[in-house]
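Take a look at the structure below.
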Amino acid sequence: MDITTFNFWGKTKYWWIILLAGIILIPSGFWLLFRPVLGYAVISLLFGWGLIVIGILQLVVAGSIDRRVHGWGWWLAGGIIDIFIGFVLVSNLALSELTLPFFFAFVFLYKGLSHIVSSFTMTSTYKYWWMYLINGIFMLIISLLFFFSPLAASYTILFLCSFVFIYWGISLIVFSMDLRPVHAERIENAG
């Protein structure tokens, strides 16, 4: 793998982990949609553990990238923030049920802003840069919904999270295809 091709999100040999995360998010979203009675307590635990796993994966990807390359800090910052919020959600269920809408609001605000910024840096390099722009706008709208409806959050969180998990899973699957490293044989055949 030529690590110097890394541009913001970059090419990585761990692209299959992001694909796997997308595949796991889709059935999780459907389960939440059809099991709302158990959903609120489960969503805080599921989202907490999911953030811990995704944060660890982001740290692994950040550790495999040359520090002089532009953008590796987004992987590192995102991983640290995801792990911290995940541990807060998993460690205290009562606190997480009270503050879960605000955690969701801040997580989606951060993810939305980072996706919008990354989409503009990816325009010349990646075919699916527009998907990150749409994801960023979509996540900003979701964060505003969580900020402005904390009292109605139990049903809002369940249904919005189920749709967000399904959409996010599909987006991760599509985007993981762009993260695959280009092999030397394909470069030679194209040139």
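Numbering (numbering that gives the first Met the number 0), first residue to last: 0 to 190.
Glycine included, each C-beta is placed from N, C-alpha and C at the ideal position.
Find the nearest neighbour of residue i within the set the options, judged by alpha-carbon distance.
| i | options | result |
| --- | --- | --- |
| F174 | A93, G77, F83, Y127 | Y127 |
| F101 | M121, T124, S90, I141 | I141 |
| F33 | R179, L157, M176, G49 | L157 |
| F103 | A61, F147, M176 | F147 |
| W30 | R179, L19, F164, P180 | F164 |
| I136 | T122, S118, T124 | S118 |
| S43 | I22, I84, S63 | I84 |
| Y125 | P180, W73, V106, L75 | P180 |
| L26 | S161, L94, I17 | Before going further, note that residue 26 is Pro rather than Leu in the sequence given. The shortest Cα separation from P26 among S161, L94, I17 belongs to S161. |
| I23 | G111, W167, F105, L94 | W167 |
| F95 | L178, L45, W14, I16 | It should be pointed out that residue 95 corresponds to Ser in this sequence rather than to Phe. Ranking L178, L45, W14, I16 by Cα distance to S95 puts L45 first. |
| T120 | L132, G111, K110 | L132 |
| L99 | W129, S123, V41 | V41 |
| G111 | A93, L139, L97 | L139 |
Kindly list the residues whose CB is nearer than 7 Å to the CB of residue i, restricted to its own chain and excluding five residues on each side of it in sequence; keep chain order.
| i | result |
| --- | --- |
| L144 | T155, L159 |
| N134 | H114, S170 |
| P35 | L157 |
| V106 | I84 |
| A61 | W71, W74, L75, G78 |
| D258 | The structure shown has nothing for residue 258, since the chain only spans 0 to 190. |
Report all residues from its chain with a CB closer than 8 Å to the CB of residue i; omit the five preceding and five following residues, and keep chain order.
| i | result |
| --- | --- |
| I79 | G54, L58 |
| I82 | L50, I51, G54, I55, L58 |
| W129 | S118 |
Leaving out five residues on either side along the sequence, give the residues of the same chain with a beta carbon under 6 Å from the beta carbon of residue i.
| i | result |
| --- | --- |
| G77 | Q57 |
| L108 | S142 |
| G47 | G85, L88, V89 |
| Y13 | V60 |
Minimum length 4: unbroken alpha helix (DSSP H) runs contained in the region 63-119: Under the rule that a run must span 4 or more residues, the alpha helix (DSSP H) segments found entirely inside the region 63-119 read 71-90.
Sufficient close CB pairs (3 or more, under 8 Å) joining the region 82-89 to the region 33-53: These segments touch.
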